[in-house]
Amino acid sequence: MQRYAEFSHDIGDYIARTLPSDVRVAVYADDIAVFAARPSNSGPYVRTSVQSVLDAIDVFISSKGMQLSPAKTEALMVHRSSIARYEVERFTLRGTAIPWSLQVKYLGAVLDHRLWWTPEVKAQYRNARRVARALLARGNGCSPALALPLFNGMASARILYGFPLASLTRNNWEQLDTVRRAAIRQYYSLPRTFPNGPTLAEAGDMPLSLRADVRALNHV
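If you count the sequence shown from 1, you need to add 151 to reach my numbering.
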């Protein structure tokens, strides 16, 4: 990662300083994200500006002896209208049109075209259930005392990585809290119908939604 950071540190020199719309570029390891946000009536300017930055990044990568892959390049448009992606011209990379995606995965998180976060919530829910089962695998599991810290490190930590700053609904948080409470009941041999509050008290913990609020306040 350090070598790539040194390699990409001058990427900004290839991007025009003045564009019709403000465009941001985020570089992490070998992932490059280009994003812009503007009112609907300035849509054409946004598209032109993003395309200009995409072309500049392509030139930059080519100057380093490499090439961006159109097949691995994804475009996501967040819009209230479900038909907007059919009306807005697609971006191109060296003549290849990049189709609009309904969802993309960036830095391990699934982003959808409505920013509802539902696909990512479902993915984290499935991961939490998989981790919970694996930690108590018959004959190969671990003790309850060790299982919960491992679950928190392998499942809860992923949930709390970015969700505290996302606009999750109450139902989203309840879905994630439910799978975690189920894991706690399993680890502490509690009945499935054991009340939620005492379940968390048994583990000396709090709901994920409250832990997320604490994380979010650290950014204020």
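Heads up, the beta-carbon is just placed ideally off N, CA and C, and yes, glycines get one too. Here the structure is a predicted model, which is why all the values come from computation and not from measurement.
| Check | Outcome |
| --- | --- |
| Pair within 9 angstroms by beta-carbon distance, VAL185 and VAL197 | no |
| Limits of the unbroken alpha helix (DSSP H) element including ALA283 | 269-286 |
| Beta-carbon gap between ALA260 and GLY313 smaller than 9 angstroms | yes |
| Buried versus exposed call for VAL365 [16 or more other C-beta atoms within 10 Å across all chains shown] | exposed |
| Secondary structure of SER252, DSSP reduced to three states | strand |
| For ASP161, three-class secondary structure by DSSP | coil |
| Per-residue burial, ASN303 [other beta carbons within 10 Å of its own, 16 or more giving buried] | buried |
| Same chain, Cβ closer than 7 angstroms to ARG231, neighbours up to 5 away in sequence not counted | none |
| Assigned exposure category for GLN275 - 16 Cβ within 10 Å defines buried | buried |
| ALA180 burial status per 10 Å Cβ neighbour count (16 or more: buried) | exposed |
| Nearest-angstrom beta carbon gap, ASP328 and SER307 [assumed within contact, 8 angstroms] | The Cβ separation is near 10 angstroms, so there is no contact. |
| Exposed unless 16 or more other CB atoms sit within 10 angstroms - verdict on TYR380 | Outside the displayed range of the chain (152 to 371) lies residue 380, so it cannot be described from this structure. |
| Helix, strand or coil at ASP364 [DSSP, three-state] | helix |
| Cβ distance (whole Å) where LEU316 is taken to contact HIS264 below 8 angstroms | So it is not a contact: roughly 19 angstroms between Cβ atoms. |
| Sheet register partners of ALA298 (DSSP bridge) | Per DSSP, none; premise fails for ALA298. |
| Alpha carbon of TRP251 to alpha carbon of ARG241, nearest angstrom | 7 angstroms |
| Contact belief for VAL272 with LEU319 at Cβ below 8 angstroms, rounded distance in angstroms | 7 angstroms |
| Residue of VAL178, ILE208, SER214 and PRO171 minimising C-alpha distance to PRO195 | PRO171 |
| Proximity below 9 angstroms, CB of LEU311 to CB of ILE335 | no |
| Extent of the continuous beta strand (DSSP E) run through ARG332 | No beta strand (DSSP E) holds ARG332; the alpha helix (DSSP H) holding it covers 321-338. |
| Backbone CA spacing between ALA375 and ASP182 [nearest angstrom] | In this structure the chain extends from 152 to 371, so residue 375 is not present and cannot be described. |
| Where the alpha helix (DSSP H) containing ARG236 begins and where it ends | 235-238 |
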